[in-house]
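Notes follow the structure.
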Amino acid sequence: MLCLLKELQLNNFTYFITMHILENNINNKYMEKKMRFIIYGLMGWCTEIFFTGAYSLMRGDITLRGFTYIWMFPIYGLLILLEPIHNRIRNWSMILRGGVYAVLILIGEYTTGSILKFILGICPWNYENSPFVISGIAKLDYAPFWFIAGLLFEKLHDVLIGYDSLRKYS
1 MLCLLKELQL NNFTYFITMH ILENNINNKY MEKKMRFIIY GLMGWCTEIF FTGAYSLMRG
61 DITLRGFTYI WMFPIYGLLI LLEPIHNRIR NWSMILRGGV YAVLILIGEY TTGSILKFIL
121 GICPWNYENS PFVISGIAKL DYAPFWFIAG LLFEKLHDVL IGYDSLRKYS
């Protein structure tokens with residue numbers, strides 16, 4: 001995970017905060033949920049900035065300008081709600097687990113987008129002019145990406161709770 005943080009070239013503040021959280025919790029058997037919430041939020045932000053930057057290159061913007069929304073931090077932090085599901089389906093096949101994550105993340109995207117649209121009158125992400133969309137809020141053609149993202153979440157979750165270490169010594 002530390003290599004991933006460095007590869008994403010986080011700004012110094014984000015890198016410092018993440019390293020501080022990891023170093024202060026490295027000896028705990030289980031990292032506190034609030035710390036995992038923060039890490040999921042930060043990793044979500046960084047991932048979104050990376051992918052929107054890559055997409056800008058595909059549109060011809062060589063500055064690789066990436067972006068996200070402040071609203072996305074708590075939304076990505078909500079990945080913590082997938083932890084008990086991950087623990088329950090840990091022994092299922094990768095195809096089934098990825099499918100579960102794709103469906104749940106699409107439901108989460110639709111739910112959080114609907115809540116933001118109700119509160120703000122607008123959803124920060126707008127897919128209205130795209131095909132395979134539910135109410136302009138959730139893109140069904142993102143399911144393969146959410147499939148992969150869910151499986152990557154499992155790896156991050158296992159690192160954060162020290163699952164591999166627990167397995168080795170149990």
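Once you know that position 22 of the sequence shown is 22 in full-length UniProt numbering, the rest is easy, because the numbers rise by one and skip nothing.
Idealized CB from N, CA, C, for every residue including glycine.
Open item on the list: Do P131 and W71 count as a contact pair if the criterion is CB distance below 7 angstroms?
Closed with: Contact check for W71 against P131 fails: the beta carbons are separated by 7 angstroms or more.
Open item on the list: Taking 7 angstroms as the threshold (C-beta atoms), are H157 and E83 in contact?
Closed with: The Cβ-Cβ distance between E83 and H157 falls below 7 angstroms.
TODO: Starting from I38, follow the alpha helix (DSSP H) in both directions and report where the run begins and ends.
DONE: Counting along the chain, the unbroken alpha helix (DSSP H) around I38 starts and ends at 33 to 58.
Open item on the list: Less than 7 angstroms between the C-beta atoms of A138 and E109, yes or no?
Closed with: Going by beta carbons, A138 and E109 fall inside the 7 angstroms limit.
Task: N-terminal and C-terminal residue of the alpha helix (DSSP H) that T112 is part of - done: Annotation: the continuous alpha helix (DSSP H) that includes T112 extends over 94 to 120.
Task: Span of the alpha helix (DSSP H), counted from its first residue to its last, around R90 - done: Per DSSP, R90 belongs to no alpha helix (DSSP H) and is neither H nor E.
Task: Backbone secondary structure at Y169 - three-state DSSP - done: Here the model assigns Y169 a pLDDT of 48, short of 50, so the residue's position is not dependable, and the following value carries that caveat. In this structure, Y169 counts as coil in the three-state DSSP scheme.
Task: T68 versus M35, S56, I62, residue with shortest Cα-Cα distance - done: Among M35, S56, I62, the Cα nearest to that of T68 belongs to S56.
- [ ] For I134, name the three-state secondary structure that DSSP assigns.
- [x] Three-state DSSP puts I134 in a strand.
TODO: Determine, using beta-carbon pairs with one atom in the stretch 50 to 65 and one in the stretch 86 to 102, whether at least three such pairs fall under 8 angstroms.
DONE: A contact is defined here as three or more CB-CB pairs under 8 angstroms, and the stretch 50 to 65 fails this definition with respect to the stretch 86 to 102.
- [ ] Find the nearest neighbour of F73 within the set G60, Y40, L152, G136, judged by alpha-carbon distance.
- [x] Nearest to F73 by C-alpha distance, out of G60, Y40, L152, G136, is Y40.
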